[in-house]
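Student: From first to last, the protein sequence lines are chains A and B.
By numbering that gives the first Met the number 0, the letter at position 78 of the first sequence is numbered 77, and the numbering carries on one by one without gaps.
By numbering that gives the first Met the number 0, the letter at position 165 of the second sequence is numbered 164, and the numbering carries on one by one without gaps.
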Amino acid sequence: MKNPAMFRKLLLSLVALLLLPVLAQAEGLVAGQSFGKANEIVVTFAAAMDAAKVTNPANYVVYEEQDPDIRLPVTNVALAADGKTAILTFAEPLNSTQAHVVSIANLTQAGKAAESFRVMKSYLGYLLSILVSALLINNFVFTKYLGLCVFFGTSKRKDTAKGMGLTFTIVMVVSAIMSWFFYQFVMKPYGLNFLQIVIFIGLVSLTVQAVDTILRKVNPALFNAFGVYLVLVIANCVIIAVPLILADNEYNFFESFMLALGAGGGFLLALYLMSSVRERMELAKIPPTFKGVPIAFIVAGQFALAFLGFSGLNIF
Amino acid sequence: MATDKSNMQLVVNGILNENPIFRLVLSMCPAVGISTTVMNGFMLGVAVLFVQVFSSCTIALFKNKIHPRIRIPTYTLTIATWVTVIDLVLAAYLPEAYARMGIFIKLIVAFAIITMRLEMFACKESVNASFWDGIGMGLGFMFGMMALGLVRELLGLGTILGYDVLGFKPLLFFVLPFAGFFCVGLMMAFFNYIEIVYKRAKRA
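What follows is the structure, encoded as structure tokens:
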């Protein structure tokens with residue numbers, strides 16, 4: 000790494016860009032709402048409420064925003080001692096990745112009516128969960144088994160691994176953004192979905208070529224450090240998998256960006272971990288039958304086993 | 000610059016001497032990812048065989064018209080076109096197998112083995128030789144995938160091609176997705192062992 004400070008700044012400014020979407024908060028009688036435990040929704044009222052009205056489960060209608068027909072029955076409503084916080088308990092655990100709509104009937108206080116409101120995790124949390132998912136839970140190398148040729152080829156030294164991982168992340172983010180624009184504004188309107196593979200691989204090659212040319216002119220020192228890896232990038236399935244996945248899932252711009260960032264970061268992480276182990280392994284006594292690639296596979300298998308532990312990780 | 004090998008030699012070369020999975024260590028992603036059963040390995044092997052043969056023939060046909068400086072993008076686009084064809088055909092006629100292989104069919108476009116064969120072989124040789132080389136490489140890949148699938152299916156589920164052979168499940172571990180890494184590693188070590196023993200026997 001010749002210039003880590005620059006990359007850090009670049010990454011930070013890109014993350015800052017993501018803080019832009021601001022969430023609208025519910026107004027009126029209901030001051031706040033959030034998911035509680037697996038089968039709970041916590042509603043905070045602006046003022047103390049009449050316990051008899053609030054704790055009647057029949058007054059509540061709750062459904063997931065996507066399926067208004069499927070009503071989720073409220074089994075119990077508990078009001079806290081201050082009369083402001085109510086906990087709605089449901090018969091079954093809620094799917095907290097979906098936005099839920101809650102409407103309360105027959106509830107008025109001081110001239111304000113409590114109308115329906117949405118309960119959802121914050122969008123930023125959702126974006127971060129995509130990032131964490133691509134980075135750890137669905138790590139592209141260890142749980143999706145993509146990009147293994149390059150992974151085994153360039154994980155012998157830590158320096159190489161870092162360079163390769165960073166180059167990958169940058170190319171991946173740029174090509175994912177380009178692919179997203181192309182997919183949304185050209186391929187979808189003109190019904191060119193069947194050309195996905197041709198167009199995406201073309202865009203990726205184009206990105207690599209562009210990064211190569213720009214880097215060569217703008218920062219020759221950096222080019223000397225990273226130039227070699229750029230060629231390897233094209234023949235790698237991770238880089239083409241990202242546009243395909245984001246087209247399949249109909250991700251929006253920010254989600255695509257997060258997916259690409261997570262995928263690149265995950266690749267960097269995997270390469271770095273692997274190279275650390277392989278540097279140590281050079282000093283170890285390994286049976287001749289396992290020397291080289293076979294032992295690398297066994298180690299990767301153990302990493303994959305360890306990464307399995309991240310499944311079910313739910314921070315946001 | 001014609002090759003002096005016969006068609007048969009080219010095919011055998013792809014299957015044994017230059018086996019894409021166990022010898023060249025290329026295209027490892029599907030070898031780890033979806034080699035859980037013999038059938039999966041066979042299906043992806045057939046898809047790769049078609050793409051390899053058609054791309055090799057296309058490039059061999061147009062090799063004199065391709066400017067050397069843009070040859071890599073040309074290869075990529077040629078492969079992408081044939082992958083699209085296979086992708087659409089499989090989605091239309093074998094939707095079940097297509098769903099099982101998921102994204103890997105589309106990812107054939109990034110398999111290093113195909114680009115490598117175009118660069119090393121098809122852009123120098125005749126259409127006929129490229130055709131047989133493509134067949135050999137495709138079969139080599141297919142047999143590699145099927146061998147892996149055989150080991151994993153037999154050890155994990157006790158079946159071959161879905162038929163119950165052993166009657167019990169020796170090591171369920173092997174059908175779990177991540178076991179692909181262990182399986183490939185152990186099989187490579189096994190082949191290395193055979194080679195070492197063979198060389199030792201030859202010397203003695």
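All C-beta atoms in this analysis are idealised placements derived from N, C-alpha and C, irrespective of residue type, glycine included.
1. Would you call the CB atoms of residue 277 of chain B and residue 99 of chain B closer than 9 Å?
2. Just list the alpha helix (DSSP H) runs in the segment 88–143 of chain B, keeping only unbroken ones of 4 residues or longer that don't cross its boundaries, in chain order.
3. Helix, strand or coil: which one does DSSP assign to residue 306 of chain A?
4. What does residue 75 of chain A reach in chain B if we use C-beta pairs closer than 7 Å?
5. Taking residue 155 of chain B and residue 30 of chain B to be in contact with their CB atoms under 8 Å, please state how far apart those CB atoms are, rounded to whole angstroms.
6. So, are the CB atoms of residue 41 of chain A and residue 85 of chain A less than 9 Å apart?
7. Taking 7 Å as the limit between beta carbons, can you name the residues of its chain near residue 222 of chain A, skipping five residues before and five after?
8. Does the segment 244–264 of chain A come into contact with the segment 126–146 of chain B, if we say contact requires no fewer than three beta-carbon pairs (one atom in each stretch) closer than 8 Å?
9. Kindly identify the DSSP beta-bridge partner or partners of residue 58 of chain A.
10. What three-state label does DSSP hand residue 153 of chain A in the structure shown?
11. Under the rule that 16 or more other beta-carbon atoms within 10 Å means buried, what is residue 65 of chain A, buried or exposed?
12. Using C-beta distances below 8 Å, list every residue in its chain close to residue 118 of chain B, excluding the 5 sequence neighbours before and after it, in chain order.
13. Residues of the segment 187–202 of chain A in Cβ contact with chain B at a cutoff of 8 Å, in chain order, please.
14. Any beta carbon from chain B within less than 9 Å of residue 212 of chain A's own beta carbon?
15. Closer than 7 Å by C-beta to residue 252 of chain A: which residues in its own chain qualify, once you throw out the five before and the five after it? Chain order, please.
16. Using 9 Å as the threshold, is the C-beta distance between residue 105 of chain B and residue 243 of chain A below it?
17. Per DSSP, which residues does residue 85 of chain A bridge with? Please list them.
18. Compare the C-beta of residue 72 of chain B with all C-beta atoms of chain D and state if any pair is closer than 9 Å.
19. Put residue 142 of chain A into one of helix, strand or coil per three-state DSSP.
20. Quick check on residue 142 of chain A - is its C-beta less than 9 Å from some C-beta in chain B?
21. Going by alpha carbons, who is nearest to residue 286 of chain A out of B:203, B:200, B:187?
22. Residue 42 of chain B: which of B:197, B:127, B:94 sits nearest, CA to CA?
23. Please report the distance separating the alpha-carbon of residue 33 of chain A from that of residue 240 of chain A.
24. State yes or no: is the beta carbon of residue 94 of chain B nearer than 9 Å to at least one beta carbon in chain A?
25. Taking the alpha-carbon of residue 111 of chain B as reference, which of B:149, B:38, B:170, B:23 has the nearest alpha-carbon?
26. Taking all protein chains shown into account, do 16 or more other C-beta atoms lie within 10 angstroms of the C-beta of residue 282 of chain A, making it buried, or fewer, making it exposed?
27. Checking contacts by CB at 9 Å: is residue 26 of chain B closer than that to chain A?
28. Who are the Cβ neighbours of residue 294 of chain A in its own chain at under 6 Å, not counting the five residues just before and after it?
29. Can you find a C-beta in chain A that's less than 9 Å from the C-beta of residue 39 of chain B?
30. How far does the alpha helix (DSSP H) with residue 238 of chain A in it extend, from its first residue to its last?
31. Please check if any C-beta of chain B sits within less than 9 Å of the C-beta of residue 101 of chain A.
Tutor: Here's the rundown:
1. Residue coverage of chain B in this structure runs from 0 to 203, which leaves residue 277 of chain B outside it and unanswerable.
2. Correct list: 94–100, 111–116.
3. Residue 306 of chain A falls in the helix class under three-state DSSP.
4. The contacting residues do not exist; residue 75 of chain A stays about 41 Å from chain B at best.
5. In fact, because the Cβ distance is near 16 Å, the residues do not count as touching under 8 Å.
6. Yes. Within cutoff.
7. Closer than 7 Å at Cβ, skipping near neighbours: 214, 215.
8. No contact exists between the segment 244–264 of chain A and the segment 126–146 of chain B.
9. Residue 58 of chain A pairs with nothing; no bridge assigned.
10. Looking at residue 153 of chain A - three-state DSSP - the assignment turns out to be coil, as it is neither helix nor strand.
11. Residue environment for residue 65 of chain A: exposed (fewer than 16 other C-beta atoms within 10 angstroms of its C-beta).
12. Correct list, in chain order: 70, 71, 74.
13. Going along the segment 187–202 of chain A in chain order, one finds 193, 194, 195, 196, 197, 200, 201 with a Cβ nearer than 8 Å to chain B.
14. Residue 212 of chain A does not count as touching chain B.
15. Excluding residues within five positions, the ones whose Cβ falls inside 7 Å are 179.
16. Inclusion of residue 105 of chain B and residue 243 of chain A in the CB contact set at 9 Å is warranted, their separation being smaller than that value.
17. Answer is A:42, A:78.
18. Absence of chain D from the displayed structure is noted, the protein chains being A and B.
19. Coil at residue 142 of chain A, not helix or strand.
20. Output row for residue 142 of chain A: interface = yes.
21. The candidate whose alpha carbon is nearest that of residue 286 of chain A is B:187.
22. Ranking the options by Cα distance to residue 42 of chain B, first place goes to B:94.
23. Rounded to the nearest angstrom, the two C-alpha atoms are 35 Å apart.
24. It does not; no Cβ of chain A falls within 9 Å.
25. It is B:23 whose Cα lies nearest to the Cα of residue 111 of chain B.
26. Taking all protein chains shown into account, residue 282 of chain A has fewer than 16 neighbouring C-beta atoms within 10 Å of its C-beta and is therefore exposed.
27. Closer than 9 Å to some Cβ of chain A, the Cβ of residue 26 of chain B qualifies, so yes.
28. For residue 294 of chain A, where only same-chain residues beyond five positions count, the Cβ hits under 6 Å are 285.
29. Taking Cβ atoms only, chain A never reaches closer than 9 Å to residue 39 of chain B, which makes this a no.
30. Taken as a continuous stretch (DSSP letters only), the alpha helix (DSSP H) holding residue 238 of chain A covers 236–247.
31. By the rule that beta-carbons nearer than 9 Å mark a contact, residue 101 of chain A does not touch chain B.
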